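Written below as structure tokens is the structure these notes are about.
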Amino acid sequence: MSVLQQLDGRKLLCGLFVLALTNLPPAVLAHGDSGAFAEGEEHHHDEPEAPVEETDVGQLPSSTDDGGQWPVVEVASSLIGTVLVENRAPQARVPAYARVVPRPGAVRDINAYLSGQVSEVHVRPGMRVEKGDLIASIYSPEFILTQRSYLALLENEELKETLREEGRLPNYKRDARSNLRWWGMAEDDILALEARKDAVEHLDVRAEVSGVISEVFVAPGEIVRAGDRAMESFVVVGSPLARIVVDGGGRRLQGSVYADTLATLNDETRVRVRADDGEMHDLALTQSVPAVDSTNRLGRFLVDLENPNVLDVGRLVGLELLTRGEEGGWLPRDAVMGQGTGPIAFVEVSEGRYERRTLTIRDYLGGWSLADAVSAGERVVTRGKTLLEGAYRLGDGAGLDDHHDH
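Residue numbers (this note's numbering): 50 to 455.
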């Protein structure tokens with residue numbers, strides 16, 4: 050066979066192949082959302098395929114920037130699933146942790162108003178004390194000297210007679226007793242000193258209110274410097290020995306969350322926490338602090354405890370933040386596709402007809418997105434988005450009747 054005859058034969062085969070391609074029906078077979086749409090894809094037909102009908106549809110309208118009609122894709126397929134757009138995002142449950150802290154007005158310091166050496170500490174953090182309970186004992190030579198001066202006055206009859214003749218004895222004794230009270234002695238302690246006629250070496254510091262000890266600042270053997278106690282200067286500085294959370298003063302939860310969660314907290318956020326007795330408490334969010342810590346990128350929130358005794362101060366507890374978004378068009382994140390022009394969603398306008406809308410995402414909450422261009426009550430596609438996107442990109446108005454059952 051000559052070379053010219055071989056070339057003529059190849060031309061004939063190519064012509065027949067092109068003719069066969071032009072007679073193929075304009076159909077698109079797409080299965081699922083995971084496959085990408087591509088032209089010229091090779092198909093292997095190991096099994097006979099179901100017949101595909103050609104759907105006659107009109108020209109696809111194009112979208113406009115002035116609020117006009119969105120592009121419509123017509124596809125009838127059992128692969129497409131839709132869900133309803135909500136007016137508000139369903140309640141999201143966000144796990145978090147918080148520490149039980151006292152409210153600022155519920156914390157007081159227990160001070161020593163004399164300098165000396167701590168001889169004994171009678172409390173520890175977490176311990177409950179009642180008003181008048183012993184907190185610590187302090188040894189002070191100046192305090193011992195003050196007691197002995199008072200006892201010397203009571204025993205010095207000659208001095209008392211002189212003061213009595215001058216009319217200064219009542220005032221002198223009253224000032225001496227006031228000096229002892231200034232050092233921290235109660236009236237019962239002064240009466241016991243007069244009866245015992247012997248100075249005590251340690252001054253007992255007692256709780257002025259009932260509550261729970263949250264911190265202890267001193268240890269036995271440490272020196273306490275409380276400032277000047279001289280009566281003529283009237284300077285009282287005091288040195289804190291311990292810190293107490295007053296009964297009935299209130300407690301709160303102080304928690305931390307990531308910045309994206311912090312942005313979803315609002316006045317309607319509820320906090321669910323389990324108390325020490327196992328009972329669940331549903332509380333209102335008191336405050337969310339808008340500032341984010343630059344080191345750990347966490348924001349803070351506060352929750353007042355209605356019953357301050359349900360949780361101990363200092364305890365770390367797990368909780369749930371129950372949040373709801375603002376009103377608007379909330380659609381599942383599964384309904385949103387990321388395209389080069391921005392996020393889009395397919396909205397069902399009638400059976401087998403879907404509008405391809407470009408979205409502006411305004412907020413996120415759990416698995417939901419708040420977006421413009423959709424309204425509550427509409428249905429958006431969550432399954433079969435890639436199928437619709439492929440049909441849209443054909444751009445020739447062709448539809449698809451898919452009668453496969455999967």
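For glycine and all other residues, C-beta sits at the position ideal for the given N, C-alpha and C.
As the structure is a computational prediction, the values presented were derived from the model and not from experiment.
Checklist line | S424 and G378 closer than 7 Å at C-beta | finding: Counted from its first residue, the sequence shown places residue 424 at position 375. Counted from its first residue, the sequence shown places residue 378 at position 329. In contact: S424 and G378 (Cβ atoms closer than 7 Å).
Notebook entry, point to check: Considering only C-alpha positions, which residue in the set E355, R301 and R319 is nearest to L370?
Noted result: In the sequence shown, the residue the question calls residue 370 occupies position 321. Nearest neighbour of L370 by Cα position, chosen from E355, R301 and R319, turns out to be R319.
Item checked: Minimum C-alpha distance to D182 - residue among H171, R300, E207 and L332 -> Within the sequence shown, the letter at position 133 stands for residue 182. For D182, the closest C-alpha among the options H171, R300, E207 and L332 is that of H171.
Note to self: Once the 5 residues before and after D95 are set aside, which same chain residues still bring their CB inside 6 Å of it?
What the structure shows: Against the sequence shown, residue 95 aligns to sequence position 46. Its pLDDT being 44, under 50, D95 is placed unreliably in this model, and the coordinates cannot settle the point.
Notebook entry, point to check: Do V338 and V366 have their C-beta atoms closer together than 7 Å?
Noted result: Taking the sequence shown and counting its residues from 1, one reaches residue 338 at position 289. Taking the sequence shown and counting its residues from 1, one reaches residue 366 at position 317. In this structure, V366 does not lie closer than 7 Å to V338 by Cβ.
Next item on the list: Answer yes or no: do H145 and V306 have a C-beta to C-beta separation smaller than 7 Å?
Entry: Taking the first residue of the sequence shown as position 1, residue 145 is located at position 96. Taking the first residue of the sequence shown as position 1, residue 306 is located at position 257. Correcting the residue type first, residue 145 is Ala in the shown sequence and not His. In contact: A145 and V306 (Cβ atoms closer than 7 Å).
Checklist line | Spatial neighbours of R364 in its chain, beta-carbon cut-off 6 Å, leaving aside the 5 residues before and after | finding: Residue numbering aside, residue 364 sits at position 315 when the sequence shown is read from its first letter. Correct list, in chain order: V149.
Notebook entry, point to check: Beta-carbon separation of Q336 and L347 under 7 Å?
Noted result: Residue 336 sits at position 287 when you count from the first residue of the sequence shown. Residue 347 sits at position 298 when you count from the first residue of the sequence shown. Taking 7 Å as the Cβ cut-off, Q336 and L347 do not qualify as a contacting pair.
Item checked: CB contact flag (P392, L380, <7 Å) -> Residue numbering aside, residue 392 sits at position 343 when the sequence shown is read from its first letter. Residue numbering aside, residue 380 sits at position 331 when the sequence shown is read from its first letter. Judged by beta-carbon spacing, L380 lies beyond the 7 Å limit of P392, meaning their Cβ atoms are not closer than that value.
Margin query: Restricting to runs no shorter than 3 residues, where is the beta strand (DSSP E) found entirely within the region 229-256?
Written below: 251-255
Note to self: Count Cβ pairs between the region 188-207 and the region 247-258 that sit closer than 8 Å; are there 3 or more?
What the structure shows: yes
Next item on the list: Could you check if E404 is buried or exposed, using at least 16 other CB atoms within 10 Å of its CB as the buried criterion?
Entry: Along the sequence shown, one-based indexing puts residue 404 at 355. So E404 ends up on the buried side.
Notebook entry, point to check: Looking at C-alpha atoms only, which residue of R217, T211, L252 and G216 is the closest neighbour of W231?
Noted result: Numbered from 1 along the sequence shown, position 182 holds the residue referred to as residue 231. Residue L252 is the option with its Cα nearest to W231.
Check: Touch check for the region 213-232 and the region 295-311: three-plus C-beta pairs under 8 Å?
Finding: Contact between the region 213-232 and the region 295-311 is absent, because fewer than three Cβ pairs lie under 8 Å.
Next item on the list: Assuming S259 and K209 form a contact by the criterion Cβ under 8 Å, report the distance between their Cβ atoms to the nearest whole angstrom.
Entry: Counting from one through the sequence shown, the residue named residue 259 turns up at place 210. Counting from one through the sequence shown, the residue named residue 209 turns up at place 160. No, S259 and K209 are not in contact; Cβ-Cβ is about 42 Å, not under 8 Å.
Next item on the list: Could you tell me which residues DSSP pairs with D158 in its beta bridges?
Entry: Position 109 of the sequence shown, counting from 1, holds the residue named residue 158. Partner(s): R292.
Notebook entry, point to check: Which class does I129 belong to by DSSP, given the choice of helix, strand or coil?
Noted result: Start at 1 with the first residue of the sequence shown, and residue 129 comes out as number 80. The answer is coil: DSSP assigns I129 none of H, G, I, E or B.
Checklist line | Collapsed DSSP secondary structure at A275 in the structure displayed | finding: In the sequence shown, counting from the first residue as 1, residue 275 sits at position 226. Looking at A275 - three-state DSSP - the assignment turns out to be coil, as it is neither helix nor strand.
Item checked: Distance CB(S164)-CB(A256) smaller than 7 Å -> For the purposes of this step, residue 164 is taken as residue 115 along the sequence shown, with counting starting at 1. For the purposes of this step, residue 256 is taken as residue 207 along the sequence shown, with counting starting at 1. Not a contact, by the Cβ cut-off of 7 Å.
Checklist line | Paired residues, beta bridge with R349 - DSSP | finding: Here residue 349 corresponds to residue number 300 of the sequence shown, with the count starting at 1. BP columns for R349 point to S305 and V338.
Margin query: Between R411 and Q140, how many whole angstroms is the CB-CB distance? I'm expecting something under 8 Å.
Written below: As a working mapping, residue 411 is identified with position 362 in the sequence shown. As a working mapping, residue 140 is identified with position 91 in the sequence shown. The pair is not a contact, with the Cβ atoms about 19 Å apart (cut-off 8 Å).
Notebook entry, point to check: Looking at the structure shown, is F266 part of a helix, part of a strand, or coil, going by DSSP?
Noted result: For this step, residue 266 is matched to residue 217 along the sequence shown. Residue state, collapsed to three classes: coil.
Notebook entry, point to check: When we look at the beta-carbon of I272 and count the other beta-carbons within 10 Å, is it buried (16 or more) or exposed?
Noted result: On the sequence shown, residue 272 is found 223 positions in, with the first residue counted as 1. Exposed.
Check: Are there 16 or more other CB atoms within 10 angstroms of the CB of R406, so buried, or fewer, so exposed?
Finding: Here residue 406 is taken as the residue at index 357 of the sequence shown, counted from 1. With 16 or more Cβ atoms within 10 Å of its Cβ, R406 is classed as buried.
Next item on the list: Measure the C-alpha to C-alpha separation of E264 and I184 and round it to an integer number of angstroms.
Entry: As a position in the sequence shown, residue 264 is number 215, starting the count at 1. As a position in the sequence shown, residue 184 is number 135, starting the count at 1. Taking the straight line joining both Cα atoms gives about 12 Å.
Check: Considering E169, what are the terminal residues of the beta strand (DSSP E) in which it resides?
Finding: Numbered from 1 along the sequence shown, position 120 holds the residue referred to as residue 169. Counting along the chain, the beta strand (DSSP E) containing E169 begins and ends at G165 to V170.
Next item on the list: Please classify P190: does DSSP put it in a helix, a strand, or coil?
Entry: Locating residue 190 in the sequence shown gives position 141, where the first residue counts as 1. In the structure shown, P190 sits in a helix (DSSP, three-state: H, G or I).
Next item on the list: List the endpoints of the continuous alpha helix (DSSP H) containing A440.
Entry: Residue mapping note: residue 440 aligns to position 391 of the sequence shown, counting from 1. It spans K434 to L443 - the alpha helix (DSSP H) in which A440 sits, taken as one unbroken run.
Next item on the list: Confirm, please, whether the CB-CB distance from L203 to L212 is below 7 Å.
Entry: Translated into positions along the sequence shown, residue 212 becomes position 163. Translated into positions along the sequence shown, residue 203 becomes position 154. No; because the gap between Cβ atoms is not below 7 Å, this pair is not in contact.
Notebook entry, point to check: Just the Cα atoms here: how many angstroms apart are G401 and M329?
Noted result: Translated into the one-based positions of the sequence shown, residue 401 becomes position 352. Translated into the one-based positions of the sequence shown, residue 329 becomes position 280. Looking at the two C-alpha atoms, the distance is approximately 48 Å.
Checklist line | According to DSSP, residues forming a beta bridge with M329 | finding: Along the sequence shown, one-based indexing puts residue 329 at 280. In the DSSP output, where bridge partners are listed per residue, M329 has R323.
Next item on the list: Rounded to whole angstroms, what's the CA-CA distance from M47 to A241? Just pull it up for me.
Entry: With the chain covering 50 to 455 only, the question about residue 47 has no answer from this structure.
Check: Hey, quick one: how far does the alpha helix (DSSP H) through T211 stretch, first residue to last?
Finding: Here residue 211 refers to the residue found at position 162 of the sequence shown. E206 to E215 is the span of the alpha helix (DSSP H), which, as asked, contains T211.
Notebook entry, point to check: Out of curiosity, what's the CA-to-CA distance linking I187 and A324?
Noted result: Position 138 of the sequence shown holds residue 187. Position 275 of the sequence shown holds residue 324. Distance between the alpha carbons of I187 and A324 is about 39 Å.
Next item on the list: Look up S343 in the DSSP assignment and say whether it is helix, strand or coil.
Entry: As a first step, residue 343 must be located in the sequence shown, where it is residue number 294. In this structure, S343 counts as coil in the three-state DSSP scheme.
Item checked: Whole-angstrom distance between G327 and G154, CA atom to CA atom -> On the sequence shown, position 105 is the one that residue 154 refers to. On the sequence shown, position 278 is the one that residue 327 refers to. If you take the alpha carbons of G154 and G327, they lie about 28 Å apart.
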